[in-house]
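A quick write-up on the structure given underneath.
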Amino acid sequence: MAGLRRVPEFLVIWVPLLIASGQIVVFTAWTTWLSFTPSTLMPTDGFVGLRNYTSVLATRNWKIAFDNLLIFGSGFVVLTMLTGLVLAVLIDQRIRGENVLRSIFLYPLAVSFVVTGTVWSWLLNPGMGIQKLVNDLGWSGFRFDWLVDRDMAIWTIVVAGIWQSSGFAMALFLAGLRSVEADLIKAAQIDGAGPWRLYTRVILPTLWPIMIAVLVILLQTAIRTFDLVRALTGGGPGIATQLPSLVVYDFMFQRGQLGRGAAAAVLLLLTLLAVLLPYAIWKRVQARRAANA
Amino acid sequence: MTHLSRRALIAASTAAALAPRLAAAQAKPRLTAISQWSAGSDGAAISALGKKFDEKGGIWQHSPVPGFTTEMMNKLRAQILAGDPPACSQLKGPEIAAWSKIAPTVNLDATVAAAGYEKVVAPDLARLHKPGGKWAALPLQIYRTNTLFVSKRGLDRAKADKLPTTWAEFNTLAEKMKSAGMASPIANGGTRSDDGQKFEACLAGISPAAYRAAIMNLDAKALKGPEVKAAFVQLRKLSDWMDPNVAAQPYASNLAKFVAGDMGMMIQGGWAQGVLLNAGFKIDDFIIAPGPTDNGKPVFILNADAFIFWQRKEADLQAGQKLMAELVMDPAIQTMYSQITGSIPVRTDVDLSGPGWSDGQREAARTLKDSLAANQVVLSLAHNMAQENGMTAAMIDVLTEYVKNRTITPDQAVARLTEAVESSR
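As given, the protein sequences belong to chains C and S, one line each in that order. 40 is the number that this note's numbering gives to position 46 of the first sequence; each next residue is one higher, with no gaps. 1232 is the number that this note's numbering gives to position 194 of the second sequence; each next residue is one higher, with no gaps.
Below, the structure written as structure tokens:
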């Protein structure tokens, strides 16, 4: 203990921080550099300008992947937040067995996306999952075959994603709901606000910093989703459920085209920055406002 | 006196020059190897090979990298980047030539010549393992990807007794099975290679010459040719007979239905025999036959696993590489290996009449010989034998989308395939 005390405090924080940020910066820079080289199986020198970018952007795979990212990103984020919020409000009613319910809803988060994907691939498979169950129960006309429907398959990923993440959104929202000052609620009730007005006008408006945080976390989860698709649809039917992260992996490691894969990775990073930069700026503005106030 | 001492000097210096070689000969041969084969019959086979290596006085150091082939390749890439490649690693098809450009490989010419091996290997296959005209890799076992598996009960259910040999007969039988009440007469998996494999079986069955020109040589005219279009027409028929619910499941998830006669036929690699038997089904539950061919002569779509040998300076590793090469070429070892995995030997001179072989394996080996004589052995696209991985993936994108999307017409598919090839060249 005494020996440990002699270590200057700044070393404890700064050394790991420098190593971690060094890794991120160095590898990002390396990937960006690779995206301008003619690298195939191995990193090589040379400069090919934007050729890797133009060829990635021209592939059907990338177009499909990016369209899917828009559908999946918006569907997953909006619906997860909505589900999480509804669950949080319901649990907030001081119901019995709250702890048990909260654990149940939070539990999917403890399961990895690969497991989630595999289980849902069985549930959603029309030949052995939900559709077959309902058919066997007598409703023989029941159809639920999104998994093998090219246009709907991306929504199966949304469904599995919601199942996995809405508990997480619920937990954060619930913490937010609980931190609303009791005086505020009492004052509203004395003024005669019903439960609906109480939530929409008083409680939820205080939640919005948490909403932004949840939004950003879910968005960046959506953008880097990989294992869920891999396990649930394998990118299929055909190539209908490709996502950009799968395309990066595919180019780099399956097709042996490091340059193109790096270009796709940089494009993905730019997408992520488009989400994170506005958030960082917003945080800064908030902080300044708080300091001025 | 001076004369004698000079002679002594020469003798001494020769001895000195030979000493390291002698030491090398005395060093115990050691082999570091990586492959993806860790479990099931693949794992059992390579362990058996390692045991033989140990028995010959070697030290076998195999590090399996389980999972997809790409994971094994990532490990290989990392080791090459670090300047420490394994003495020997799994690698197949045109990737052998591609990877041999990024790190020096061993020249196996002398060892191969000493074994008289080249005479007994299919020429197209040998070419893949000789980048720049020198043997750098050795094929280990062969599978046929256009093997037709027919369900015995499915055949009875359709009241048929004759196995189809042409695509027309195949289509008639599938229709018969369909009208006998089978919702999906073709058992299929939903993976990319499954879809690619169906296409290659169609095209090679229709015209092996067109397959060679379009798929193996990427001839622009052949790619747009009538045979490729005919193959897409046939592939559409197959996809209509497949179970639409298969999603991304592997083909093995359909095996129970196939054996029960709810699905009648399956076009798969020879490895499906081992998978069926491992799943507890009997050898007389199904019939193995060559895939349909329209020109009256057998067609063999070839898939082969191989080992590539990376240059190492250590004497014990070099000795290990030589021993490994000799073992891989040895007919007894190839027999042992193929009997475990269900493949057929690379050597065309191995006798398969013994009790360790199945009728399916005997038939495949016979067809390989006959197809070689008819110059109708072609390399598999779906299993990365015909093109490098980048080109293969671009082509399979088109094929898998076509199988899953019934609104794409054969003409559109031909145009997309051509486009995919052009953009990946």
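No residue lacks a Cβ here, since even glycine has one placed at the ideal position from N, Cα and C.
| query | Which residue comes first and which comes last in the beta strand (DSSP E) that contains Phe1347(S)? | reply | Phe1338 to Phe1347
| task | Please list the partners that Thr1379(S) has in chain C, where partner means a Cβ-to-Cβ separation under 9 angstroms. | result | What Thr1379(S) touches in chain C: nothing, since even the nearest Cβ is about 24 angstroms away.
| When the Cα atoms are used, what is the spatial distance from Pro1104(S) to Leu1129(S)? | 14 angstroms
| said: Within a Cβ cutoff of 8 angstroms, which residues of the same chain sit near Leu95(C), ignoring the five residues on either side of it in sequence? | reply: Ile85 and Ile89
| Grouping DSSP H, G and I as helix and E and B as strand, with all else coil, what is Leu1060(S)? | With a pLDDT of 47 at Leu1060(S), under the threshold of 50, the modelled position of this residue cannot be trusted; read the value that follows with caution. Residue state, collapsed to three classes: helix.
| request: For Lys1442(S), return the contacting residues in chain C, with the cut-off set at a CB-CB distance below 9 angstroms. | output: Val142, Arg144, Gly230, Pro231, Gly232, Ile233 and Ala234
| For Leu1119(S), which residues in chain C fall below 9 angstroms Cβ to Cβ? | Met36 and Pro37
| query | What does Ser1461(S) touch in chain C if you count any residue whose Cβ is under 9 angstroms from its own? | reply | Ser49, Ala52 and Thr53
| field | Among Leu81(C), Trp133(C) and Ser159(C), the one whose alpha carbon lies nearest that of Ala288(C) | value | In the structure as shown, chain C starts at -5 and stops at 287, and residue 288(C) therefore has no counterpart that could be examined.
| said: the ligand MG and Arg45(C): does the residue's C-beta get closer than 7 angstroms to at least one heavy atom of that ligand? | reply: The ligand MG is absent from the structure shown, which contains no ligand whatsoever.
| Which of helix, strand or coil DSSP assigns to Phe66(C) | helix
| message | Taking a contact to mean a Cβ-Cβ separation below 8 angstroms, would you say Ala1441(S) touches Ala1458(S) in this structure? | response | In the sequence on display, residue 1441(S) carries Val and not Ala. Not closer than 8 angstroms, so no.
| With a cut-off of 8 angstroms, do at least 3 Cβ pairs link the stretch 1221 to 1230 of chain S to the stretch 1336 to 1350 of chain S? | no
| request: Give the straight-line distance between the Cα atoms of Asp1322(S) and His1421(S), rounded to the nearest whole angstrom. | output: 28 angstroms
| query | With 16 other CB atoms within 10 Å as the buried threshold, where does Lys1295(S) fall? | reply | buried
| task | Take Asn1443(S) and list the residues in its own chain whose beta-carbon comes closer than 6 angstroms to its own, dropping the five residues that flank it on each side. | result | none
| Nearest to Arg144(C) by CA position, among Leu1419(S), Pro1282(S), Met1220(S) and Glu1364(S), is which residue? | Pro1282(S)
| said: For Ile1253(S), which residues in the same chain have their Cβ closer than 6 angstroms to its Cβ, ignoring the five residues on either side in sequence? | reply: Leu1419 and Ala1424
| query | What do you get for Asp61(C), buried or exposed, if any count of 16 or more other CB atoms within 10 angstroms of its CB means buried? | reply | exposed
| said: Does Ser1127(S) pass the burial test, meaning 16 or more other C-beta atoms within 10 Å, or should it be called exposed? | reply: buried
| field | Residue-chain proximity (Phe247(C), chain A), Cβ-Cβ < 8 angstroms | value | Structure shown: chain A not included; protein chains present are C and S.
| message | Using beta carbons (cut-off 8 angstroms, strictly below), is Glu1213(S) in contact with chain C? | response | no
| Helix, strand or coil at Thr1070(S) [DSSP, three-state] | strand
| said: Counting C-beta neighbours from all protein chains within 10 Å, is the total for Asn1537(S) 16 or more, i.e. buried, or is it exposed? | reply: A question about residue 1537(S) goes unanswered here, because the residues of chain S that appear run from 1039 up to 1463.
| query | In the DSSP assignment, what are the bridge partners of Ala1327(S)? | reply | Leu1186(S)
| said: Relative to the C-alpha of Ala23(C), which candidate in Tyr101(C), Ala59(C) and Ala259(C) has its C-alpha closest? | reply: Ala259(C)
| said: Rounding to the nearest angstrom, what Cα-Cα distance links Lys1094(S) and Ile1134(S) in this structure? | reply: 28 angstroms
| Are the CB atoms of Tyr273(C) and Val208(C) nearer to each other than 8 angstroms? | no
| query | What is the residue span of the beta strand (DSSP E) that Pro203(C) lies within? | reply | Where Pro203(C) is concerned, there is no enclosing beta strand (DSSP E), although the alpha helix (DSSP H) it sits in stretches over Trp202 to Ile217.
| query | Are the beta-carbon atoms belonging to Ser1076(S) and Ile1378(S) less than 8 angstroms from one another? | reply | no
| Is it the case that the Cβ atoms of Val152(C) and Leu73(C) are separated by a distance below 8 angstroms? | yes
| field | Residues near Ser1291(S) in its chain [Cβ-Cβ closer than 8 angstroms; skip 5 each side] | value | Gly1227 and Val1284
| Can you name the residues that DSSP bridges to Leu1417(S)? | Leu1340(S)
| said: Taking 6 angstroms as the limit between beta carbons, can you name the residues of its chain near Phe107(C), skipping five residues before and five after? | reply: Asp221 and Leu222
| In terms of alpha-carbon separation, which member of Ser1217(S), Lys1197(S), Leu1186(S) and Arg1191(S) lies closest to Trp1205(S)? | Leu1186(S)
| Among Gly1192(S), Ala1160(S), Lys1190(S) and Leu1361(S), which has the Cα closest to the Cα of Tyr1181(S)? | Ala1160(S)
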